[in-house]
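Structure, as structure tokens:
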Ligand code: DX5
Ligand code: ZN
């Protein structure tokens, strides 16, 4: 299992320290939650902060857009060369076009699905996608409770990926901890995002290790 700590639960007054801390203690990716106050009722990390994170991170960046104007933000963040950019299908009129744009920048393209959004919405896009991000909380905040009803959806996606023979990775984001990691692994998840579980743990290395 790959682990992407979400910086939303980091200490923003000591962001460089916390980025280094996760990078040095087993993180595979560094997850950045970009929220615009419109798509979700929260406002978080913008370009200058992403630039600072990119400078201090030794691990690839995983940018999760929770915004209304996806194309604008993709163009803004492409220069930090993240490994993945994910955008929400609920907020994009032309997902296929945006996937191609992300790929043209040499970035892995990913689509995020809210808990209520069905896999069928993105089935036709799977051959073009590097990753699908399944939200296991309603997007907007860290520290929320995992929604177990999304597990059958993850299993369905895993079966579909296998049937189509695509290389698409499955990432799960929201309320992930040592309590649900076994279920997620069984369901076929490749990458977990975890914020509060990792940053509230007394030992970051142990927290990341417990998810791996
Ligand atoms: C929520 C964000 C998540 C969040 C995860 O909208 O996308 O990445 O930070 O935090 P935890 O692990 O605390 O649920
Ligand atoms: Zn996220």
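Residue numbers (the numbering used here): 185 to 396. Heads up, the beta-carbon is just placed ideally off N, CA and C, and yes, glycines get one too.
**Neighbourhood of residue 328 by C-beta, 8 Å cutoff - its chain only, sequence neighbours within 5 removed** = Excluding residues up to 5 positions away in sequence, 321, 322, 358, 359 lie with their Cβ nearer than 8 Å to the Cβ of residue 328 in the same chain.
**Request:** Any chance you could list the residues with Cβ under 6 Å from a heavy atom of the ligand ZN, keeping chain order?
**Result:** Taken from the N-terminal end onward, the list reads 190, 215, 217, 248, 357, 377.
**Asked** With 16 other CB atoms within 10 Å as the buried threshold, where does residue 248 fall?
**Response** The Cβ neighbour count for residue 248, taken over all protein chains shown within 10 Å, is at least 16; the residue is labelled buried.
**Request:** Would you check if the distance between the CB atom of residue 229 and the CB atom of residue 220 is smaller than 8 Å?
**Result:** No; because the gap between Cβ atoms is not below 8 Å, this pair is not in contact.
**Prompt:** Taking only runs of the alpha helix (DSSP H) that begin and end inside the region 243-267, which ones reach a length of at least 4 residues, in chain order?
**Reply:** List check, alpha helix (DSSP H) in window: 254-261.
**Asked** Between residue 356 and the rest of its own chain, which residues show a CB-CB distance below 6 Å, the 5 nearest in sequence each way excluded?
**Response** These residues qualify, in order along the chain: 318, 320, 368, 373, 376.
**Message:** So, with DSSP's three-state summary, where would you put residue 197?
**Reply:** Residue 197 falls in the helix class under three-state DSSP.
**Prompt:** Does at least one heavy atom of the ligand DX5 sit under 7 Å from the Cβ of residue 297?
**Reply:** Relative to the ligand DX5, even the nearest heavy atom lies 7 Å or more away from the CB of residue 297.
**Asked** With C-beta atoms as the reference, is residue 379 less than 8 Å away from residue 326?
**Response** A contact, by the Cβ cut-off of 8 Å.
**Asked** Taking 7 Å as the line, does the beta carbon of residue 230 fall inside it for any heavy atom of the ligand DX5?
**Response** Checking the Cβ of residue 230 against the ligand DX5 gives no.
**Asked** For the region 378-395 against the region 341-349, are there 3 or more C-beta pairs whose distance is under 8 Å?
**Response** The answer is no - the region 341-349 does not touch the region 378-395, with fewer than three Cβ pairs under 8 Å.
**Prompt:** Is the region 201-213 close to the region 243-258, with three or more CB pairs under 8 Å?
**Reply:** Result yes; three or more Cβ-Cβ pairs closer than 8 Å.
**Endpoints, the beta strand (DSSP E) within which residue 293 is located** = It spans 292-297 - the beta strand (DSSP E) in which residue 293 sits, taken as one unbroken run.
**Message:** Going by the DSSP bridge assignment, what does residue 271 pair with across the sheet?
**Reply:** As a beta-bridge residue in DSSP terms, residue 271 pairs with 295.
**Request:** Would you mind stating whether residue 258 and residue 237 have Cβ atoms separated by less than 8 Å?
**Result:** Contact: no.
**Item:** Beta-carbon separation (whole angstroms), residue 186 vs residue 212, contact threshold 8 Å
**Value:** Confirmed, about 4 Å.
**Asked** Would you report the Cα separation of residue 194 and residue 349, rounded to the nearest angstrom?
**Response** Between the alpha carbons of residue 194 and residue 349 lies a gap of roughly 37 Å.
**Residue burial classification, residue 363 (beta-carbon count within 10 angstroms, cutoff 16)** = With fewer than 16 other Cβ atoms within 10 Å, it is exposed.
**Item:** Continuous beta strand (DSSP E) stretch holding residue 351: start and end
**Value:** Per DSSP, residue 351 belongs to no beta strand (DSSP E) and is neither H nor E.
**Message:** Out of 311, 277, 196, which one is the CA nearest neighbour of residue 347?
**Reply:** Cα-wise, what sits closest to residue 347 is 311.
**Message:** Measuring only from the beta carbon, is residue 410 closer than 7 Å to any heavy atom that is part of the ligand DX5?
**Reply:** There is simply no residue 410 to check, as the chain begins at 185 and stops at 396 in what is shown.
**Prompt:** Where do the N-terminal and C-terminal ends of the alpha helix (DSSP H) with residue 280 fall, by residue?
**Reply:** That run of the alpha helix (DSSP H) goes 279-288.
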